[in-house]
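One structure below.
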Amino acid sequence: MTDFLKTYTFYFIFLCMVLWEWFAPLRLNLSVPYRRWFNHFVLFVANTFIRRGWKLLTGGAVISLGWQRGILSPFSTHQWVSVLLGVFAIDFVSYVLHRAFHKYRVLWRIHRIHHSDLELDVTTAFRNHPLEIIISISAGSAIALIVGIPVVALVTYGVLATSIQMFHHANIGLSPKADLLLGCLIVTPAMHCLHHSVNDSEYNSNYGIVFPWWDWITGTFLRGSWTKQKNLSFGLKQYQNSQLVGLPWIFTSPFIINQKRFQ
Ligand SMILES: [Zn+2]
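Numbering that gives the first Met the number 0 puts the first residue of the sequence shown at 0, with every later residue one more than the last.
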């Protein structure tokens, strides 16, 4: 039942974003996207297999050891409270991990694949190196064990994060009022697109995955706007040629040591 809900939620949100982008795209100057979409499809398929396999390995440990022993165990009598706290905790860990992916050279070589996309649309959400998936699941599972996050919170966060990531990467625009209101609860496209800007000062901000609050609290928040969102240039300064950032580079980039750090 859980897999059924996860799968259909994924396809429903994906279809909504595709239709929104198709009928009311924010940026009209997209180059022919078929090569990008093919690359992202390959990554999506590869990462789906890797994610499932790695979750089977790490999830067993979380299920067998977690929940009763962690920091959240005093709240275990109120399951919805512990689920809510668990979702917040995992999102905070994801925020911290995302900052680490930008800060440390070895991690940046993996994460820069996500930032090398020269356009931004719903498929950018799938542009991640398999190593980033493995590291993220491993870190999430380790924290889940330490904190005692219930499995239902992990599953809920997985569905929430995938849905919000497709939403905030999409080439869509919200009205300023809607963006302001929704932006108090979740990361919006206007906020996240700055994180994909080619400018250092902008892409080293707005690290949030689901909730924007961690960026507010730690001072990494940069307010987006409809105008900025419409006119931004995306990608990495050093890789503005779409031919260079194809599948061979995507898969081998983390292992190419002798490259300049991009931040
Ligand atoms: Zn990033």
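The C-beta atom is built at its ideal place from N, Cα and C for all residues, glycine as well.
Open item on the list: When you measure from the CB of H97 to every non-hydrogen atom of ligand 1, does any distance come out below 8 Å?
Closed with: The residue given as residue 97 occupies position 98 in the sequence shown. Result yes, Cβ under 8 Å from ligand 1.
Task: For K236, the first and last residue of its enclosing alpha helix (DSSP H) - done: Your numbering for residue 236 matches position 237 in the sequence shown. First-last for K236: undefined, no H or E at that position.
Open item on the list: Is any non-hydrogen atom of ligand 1 found closer than 8 Å to the C-beta of H110, if you look at the structure I gave you?
Closed with: Position 111 of the sequence shown, counting from 1, holds the residue named residue 110. H110: yes, Cβ under 8 Å from ligand 1.
- [ ] Just tell me which of V154, W215 and F250 has its CA closest to the CA of K54.
- [x] Taking the sequence shown and counting its residues from 1, one reaches residue 54 at position 55. Here the closest residue by C-alpha is V154.
- [ ] Kindly indicate which residue of L159, S174 and F48 has the alpha-carbon position closest to the one of F13.
- [x] Indexing the sequence shown from 1 puts residue 13 at position 14. For the residues L159, S174 and F48, the minimum Cα distance to F13 belongs to L159.
- [ ] Would you mind giving the Cβ-Cβ distance between N38 and G245, rounded to the nearest angstrom? I have them listed as a contact below 8 Å.
- [x] Mapped onto the sequence shown, residue 38 falls at position 39. Mapped onto the sequence shown, residue 245 falls at position 246. The pair is a contact, with the Cβ atoms about 6 Å apart (cut-off 8 Å).
TODO: Could you tell me which uninterrupted beta strand (DSSP E) segments, each at least 3 residues in length, are contained entirely in the stretch 166–201, listed from first to last along the chain?
DONE: none
Task: Status (buried if at least 16 other CB within 10 Å, exposed otherwise) for S232 - done: Translated into the one-based positions of the sequence shown, residue 232 becomes position 233. Exposed, by the Cβ-count rule.
Task: Proximity test, Y103 beta-carbon vs ligand 2 heavy atom, cut-off 8 Å - done: No copy of ligand 2 occurs in the structure displayed; its ligands are ligand 1 alone.
Open item on the list: Quick check: is any heavy atom of ligand 1 less than 8 Å from the C-beta of Y206?
Closed with: Position 207 of the sequence shown, counted from the first residue, corresponds to residue 206. Answer for Y206: yes, Cβ within range of ligand 1.
TODO: With a 10 Å radius around its C-beta and 16 neighbouring C-beta atoms as the bar for buried, classify C183 as buried or exposed.
DONE: In the sequence shown, residue 183 corresponds to position 184, counting from 1. Label assigned to C183: exposed.
Open item on the list: Using a Cβ distance threshold of 8 Å, determine whether the stretch 100–112 contacts the stretch 215–233, with at least three qualifying pairs required.
Closed with: no
Open item on the list: Quick check on the burial criterion: 16 or more other C-beta atoms within 10 angstroms. Buried or exposed for R260?
Closed with: Taking the first residue of the sequence shown as 1, we reach residue 260 at position 261. Residue placement at R260 is poorly supported in this model, since its pLDDT is 46, which falls under 50; the coordinates still yield a value, given next. R260 is exposed by the Cβ-count criterion.
Open item on the list: Given this structure, state the Cα-to-Cα distance separating I112 from F11, to the nearest angstrom.
Closed with: Indexing the sequence shown from 1 puts residue 112 at position 113. Indexing the sequence shown from 1 puts residue 11 at position 12. Each residue's alpha carbon lies about 26 Å from the other.
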